[in-house]
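I have placed the structure first, in the form of structure tokens, so that the comments after it can refer back to it.
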Amino acid sequence: ALYGLTASLFPSSGEALPFSAALLFTVSPAAVFFSAVYTESLFALCSFSGLLLLEHRWSWLASCAFALAVATRSNGVTLVVYLLVPLITRRTSLGAIAQACAQCLLIVTPHLAFETYGYSKFCGATATNPGWCSASLLPSTYAHVQRKFWDVGFLRYWHIRQIPNFLLAAPILALSFYGVRTLGLAPHKLSPPAASSLAPYILHWGFLALVGLFMAHVQVTTRLLLAACPAVYWYIVLLLASPETPAKTRTLLILWITVWALAGIALHANFFPWT
Numbered sequence: 003a004l005y006g007l008t009a010s011l012f013p014s015s016g017e018a019l020p021f022s023a024a025l026l027f028t029v030s031p032a033a034v035f036f037s038a039v040y041t042e043s044l045f046a047l048c049s050f051s052g053l054l055l056l057e058h059r060w061s062w063l064a065s066c067a068f069a070l071a072v073a074t075r076s077n078g079v080t081l082v083v084y085l086l087v088p089l090i091t092r093r094t095s096l097g098a099i100a101q102a103c104a105q106c107l108l109i110v111t112p113h114l115a116f117e118t119y120g121y122s123k124f125c126g127a128t129a130t131n132p133g134w135c136s137a138s139l140l141p142s143t144y145a146h147v148q149r150k151f152w153d154v155g156f157l158r159y160w161h162i163r164q165i166p167n168f169l170l171a172a173p174i175l176a177l178s179f180y181g182v183r184t185l186g187l188a189p190h191k192l193s194p195p196a197a198s199s200l201a202p203y204i205l206h207w208g209f210l211a212l213v214g215l216f217m218a219h220v221q222v223t224t225r226l227l228l229a230a231c232p233a234v235y236w237y238i239v240l241l242l243a244s245p246e247t248p249a250k251t252r253t254l255l256i257l258w259i260t261v262w263a264l265a266g267i268a269l270h271a272n273f274f275p276w277t
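Next comes the structure, spelled out in structure tokens:
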């Protein structure tokens, strides 16, 4: 799916860029999660397949693939950006807007179903309702579990004791913010067709990077981005292939990919915390 998506967006690159992006996916710093029995690989399949379908203008099939991604991992709800951004950047009819809204509703349906089930199970009309049922106007089972059992929330992970985890995520965060800035401000680095349609990919990448830095357990940012954002792979390949990239930068990139991939296999397989 990543190969086909890359080939569709970068037709002038031949097979070099699609092959390199697909190869990088197999040996990425989060490769251990894509080969283990984890949801990341299924999520990436659904997300990248949906994006490929969307590039071929099969938007309803793409929405179904995105809905499967949401059923796999909750951050899939951010995939609606690929339907919403074109509404802002292009002239669209009321019919197109209505269709996009319906498709967005389809995409988030698995998450809404999960929330509805949780609310009906734990927040019935009894005197023993947990406090989170009435803590907000729209109580969320998912948000409650994330906050209570995982301590997830804005800046809740920003403690001195978490510095090693911030260092673990530092390479992907630095790459992301530099990549979003570079591709966002200098689309001429890409072929014209890709430059004109890359906006939602860049926005999605940047938003998830911010979520990883400020909201989530920061060490998961590596697999979060590499399972959801094809633009990460394109930017890495662009850096490695560009003659403008300093040799030291290429060396550091290759070193990061290699060390994280190998260390991830050794540490995660032995139940140590990793990405």
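Residue numbering for the sequence shown follows my numbering, starting at 3 and increasing by one per position.
Ideal Cβ placement from N, Cα and C applies to all residues, glycine included.
Model, not experiment: these values are computed from the prediction.
Check, Outcome
"Under 8 Å between C-beta atoms of His219 and Val154", "yes"
"Neighbourhood of Glu57 by C-beta, 6 Å cutoff - its chain only, sequence neighbours within 5 removed", "Ser10"
"Collapsed DSSP secondary structure at Ser244 in the structure displayed", "coil"
"Residue closest to Ala69, alpha-carbon to alpha-carbon, out of Pro112, Val39, Ser199, Thr94", "Pro112"
"CA-to-CA distance, Val34 to Ala268, given in whole angstroms", "9 Å"
"Beta-carbon spacing of Ile281, Ser65 below 8 Å", "Given a span of 3 to 277 for the chain in the structure shown, any question on residue 281 remains unanswerable."
"Helix, strand or coil at Pro20 according to DSSP, with G and I counted as helix", "helix"
"Other residues of its chain near Ala263: CB distance less than 7 Å, five sequence neighbours each side excluded", "Val29, Ser30, Pro31, Ala33"
"Continuous alpha helix (DSSP H) assignments of at least 4 residues falling wholly in the region 134 to 219", "143 to 152, 165 to 187, 194 to 199, 201 to 216"
"Given Gly78 as reference, the closest of Phe209, Tyr159, Asn167 once Cα atoms are compared", "Phe209"
"Endpoints, the alpha helix (DSSP H) within which Cys48 is located", "41 to 57"
"Coil, strand or helix - Pro132 by DSSP", "coil"
"Start-end ranges of the alpha helix (DSSP H) lying completely within the region 67 to 121, minimum 4 residues", "83 to 91"
"Spatial distance of Gly181 from Pro132 (CA atoms)", "44 Å"
"Cβ separation of Leu1 and Thr8, assumed to be a contact under 8 Å, to the nearest whole Å", "No answer is possible for residue 1: the residues shown for the chain start at 3 and end at 277."
"Alpha-carbon to alpha-carbon, Pro202 and Ile174", "19 Å"
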